[in-house]
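Presented below is the structure to which this report refers.
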């Protein structure tokens, strides 16, 4: 159960927001350990090239974790390989599109590795051997001819009939958001269910079990804007929109819980180390509360705007804004009760 | 559910469920009265049903059970909780059979009884049920043995029936939907997705009691606090538990239905759960917790806005560090025993009155 979301403010900047609840084991224990959207560019690459990106996965937690870890590893390997070949550190490394393609390669390789592990355990051959119709073991060639085996293996490879054994691999989807000097800020979408990856033409992408609510909210937000307006949205207004969307998912969808991780990316930032900023401490909780209060009409839109601007983009401390927030409410008692989970009319 | 003593006990539940398996909602009624008030008054008996699993299933069971019990008592001069529980079990079975028959009829044109007898009739013509694959599939559906069929809404339901009757005092029973068996419950029960969280809270208390202490039972205030602790733990660590809690208290020591069967006001339960949370976090002492819980849950059940305000104010006055407590109650990740700098700043703000 998850909500992963990304929004593009303009050609240089955008943000990702996700929750942190993990449903652990079939008993559905709730633990706040998930890093559903995570920066995926190695620090060395950020320092040298100013490229920043974050990948978010929904589905099987361990699959998502492996993808994020492998992306970093592969990018570093590429840097090392080129450096060795050219005898110097390259001036340019990868465009965002190339990173997006690499992510899909990582996903595809992961799928093959995991499925091959299962096939080897069950049948003693892997995918390429199955495709060729035979395999060799101890100098002996074995033809794969049994019809039942062939039928079963197809289910492993393609998730036919949503075959339970491989659902943890196939039932995954992902988003990539990032900035790179030549391409600016872009969004990409991945699906292992439908086996695709593609650039996102819209200014937002959402996925996870919370997506029916988040897509509703963000679709409404962007549908009210003209093309020029959609290409350059006010970042505070956009942040409020995406927080409102995830608040909705948290309220109306199972398993979207805990503190949000808010990842800001801004290619205009001259200091490369500051191009990606993560906010996942009390400030992110407070930001979600400020937006909730605005949604329920307990603080004005102007107040919400001002508080979010200071808290998320202005470097204000949690304690400063926490005090201002409560003082700004038209009905403080009911605001506090709402935030504590009382039913509010 | 917890037995307090030989005449009383209480049941607590949350109100969250996944409506149509997707939408998180907070409007389920998971505890329902099994008896019409006239039946309770006539036989000096109380009985509630708490269901976990698929809400429409339990709704159907309770409706059937209320009617069945009302009919059962027409020619009787006594009624025990066991009678009520057995009648409820029969109704639960009939709901399972109805739903299984729906599936079998829809797929194949016959029901469970016809499957058992080996033939069915349609338009005056007899058809033997001979096709092996059909018999297997039908049998798998009827016995919850089919992985390809969505059957958990029919079979993965559990219920607890709790109550009081004059002859036996306070009793409770557990009903397992998958095997349709009625089991006697001795002291407590927890069912539903949060049962392991609640179980730890119960274990923490029971494991520290001697045999005879367990038999003696609980003071109602301590019992209420334990029930609230159990559901708070369930909510903190398991998915699909949330919203307001409902709490039904049955006190067989009282003389009539109105006083014996108490559905506690939901806003009072909410406040009481905050009080117990404060206690669990070490921000409210045990004596103060008991005092407030007794006042809120076992005092006058009528509640208006001003009464809630007063009780709430008293709670925060009694608490250690009310500033931090309020943030914890809002869901902030704060350890009162290990405050971060920014949290210490909040406390300073509170003391300076900047928050007021």
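Chains as they are written, first to last, in our numbering: chain A, 470 to 814; chain B, 2 to 357. Note that CB positions come from ideal geometry on N, CA and C, so glycine has one too.
{"Query": "Given 8 Å, three or more beta-carbon pairs between the region 154 to 166 of chain B and the region 47 to 67 of chain B", "Result": "yes"}
{"Query": "For residue 168/B, the first and last residue of its enclosing alpha helix (DSSP H)", "Result": "Taken as a continuous stretch (DSSP letters only), residue 168/B belongs to no alpha helix (DSSP H), as it is neither H nor E."}
{"Query": "Any chain A beta carbon closer than 8 Å to residue 24/B", "Result": "yes"}
{"Query": "8 Å Cβ cutoff, residue 334/B in contact with chain A", "Result": "yes"}
{"Query": "Contact with chain D by residue 240/B, beta-carbon distance below 8 Å", "Result": "Included in the structure are the protein chains A and B, with no chain D among them."}
{"Query": "Whole-number beta carbon distance between residue 767/A and residue 799/A, since they are thought to touch under 8 Å", "Result": "6 Å"}
{"Query": "8 Å Cβ shell around residue 226/B - same chain, five flanking residues per side excluded", "Result": "277, 280, 290, 291 and 294"}
{"Query": "Proximity of residue 150/B and residue 178/B at Cβ, strictly below 8 Å", "Result": "no"}
{"Query": "Contacts of residue 813/A in chain B (Cβ-Cβ under 7 Å)", "Result": "What residue 813/A touches in chain B: nothing, since even the nearest Cβ is about 12 Å away."}
{"Query": "7 Å Cβ shell around residue 822/A - same chain, five flanking residues per side excluded", "Result": "Given a span of 470 to 814 for chain A in the structure shown, any question on residue 822/A remains unanswerable."}
{"Query": "Anticipated Cβ contact below 8 Å, residue 198/B with residue 239/B, distance rounded", "Result": "5 Å"}
{"Query": "CB contact below 8 Å: residue 327/B versus chain A", "Result": "yes"}
{"Query": "Which of helix, strand or coil DSSP assigns to residue 628/A", "Result": "coil"}
{"Query": "For residue 92/B, the first and last residue of its enclosing alpha helix (DSSP H)", "Result": "82 to 109"}
{"Query": "Where residue 152/B falls: helix, strand or coil (DSSP)", "Result": "coil"}
{"Query": "Chain A residues whose Cβ lies nearer than 7 Å to that of residue 271/B", "Result": "811"}
{"Query": "Classification of residue 538/A by the beta-carbon crowding that lies within 10 angstroms, buried from 16 upward", "Result": "exposed"}
{"Query": "Members of the region 543 to 566 of chain A near chain B, C-beta cut-off 9 Å", "Result": "none"}
{"Query": "Backbone CA spacing between residue 597/A and residue 741/A [nearest angstrom]", "Result": "43 Å"}
{"Query": "Cβ-Cβ separation, residue 299/B to residue 358/B (assumed contact under 8 Å), whole Å", "Result": "Residue 358/B lies beyond the range of chain B shown here (2 to 357); nothing can be said about it."}
{"Query": "Below-8 Å beta-carbon distance, residue 53/B vs any chain A residue", "Result": "no"}
{"Query": "Contact with chain B by residue 686/A, beta-carbon distance below 8 Å", "Result": "no"}
{"Query": "8 Å Cβ cutoff met for residue 63/B and residue 100/B", "Result": "no"}
{"Query": "Cut-off 7 Å between Cβ atoms - residues of its own chain near residue 134/B, not counting five sequence neighbours on either side", "Result": "none"}
{"Query": "Alpha-carbon to alpha-carbon, residue 181/B and residue 115/B", "Result": "21 Å"}
{"Query": "Below-8 Å beta-carbon distance, residue 187/B vs any chain A residue", "Result": "no"}
{"Query": "Minimum Cβ-Cβ distance from residue 330/B to chain A less than 8 Å", "Result": "yes"}
{"Query": "8 Å contact criterion, which residue 443/A and residue 331/B should meet: CB distance rounded", "Result": "What the structure shows of chain A is the stretch from 470 to 814, and residue 443/A is not part of that stretch, so it cannot be assessed."}
{"Query": "Whole runs of the beta strand (DSSP E) within the region 492 to 546 of chain A, excluding any shorter than 3 residues", "Result": "498 to 500, 506 to 508 and 521 to 527"}
{"Query": "Classification of residue 352/B by the beta-carbon crowding that lies within 10 angstroms, buried from 16 upward", "Result": "exposed"}
{"Query": "Closest residue to residue 341/B among 806/A, 552/A, 787/A and 812/A (Cα-Cα distance)", "Result": "787/A"}
{"Query": "8 Å Cβ cutoff, residue 722/A in contact with chain B", "Result": "yes"}
{"Query": "Three-state class that DSSP yields for residue 356/B in the structure shown", "Result": "Low confidence applies here, because residue 356/B scores a pLDDT of 47, under 50, leaving its location unreliable; read the following figure in that light. Of the three classes helix, strand and coil, the one that applies to residue 356/B here is coil, per DSSP."}
{"Query": "Rounded straight-line distance, which links the Cα of residue 510/A to that of residue 571/A", "Result": "12 Å"}
{"Query": "Beta-carbon contacts of residue 496/A that lie in its chain and below 8 Å, excluding the five residues immediately before and after", "Result": "none"}
{"Query": "Residue burial classification, residue 9/B (beta-carbon count within 10 angstroms, cutoff 16)", "Result": "buried"}
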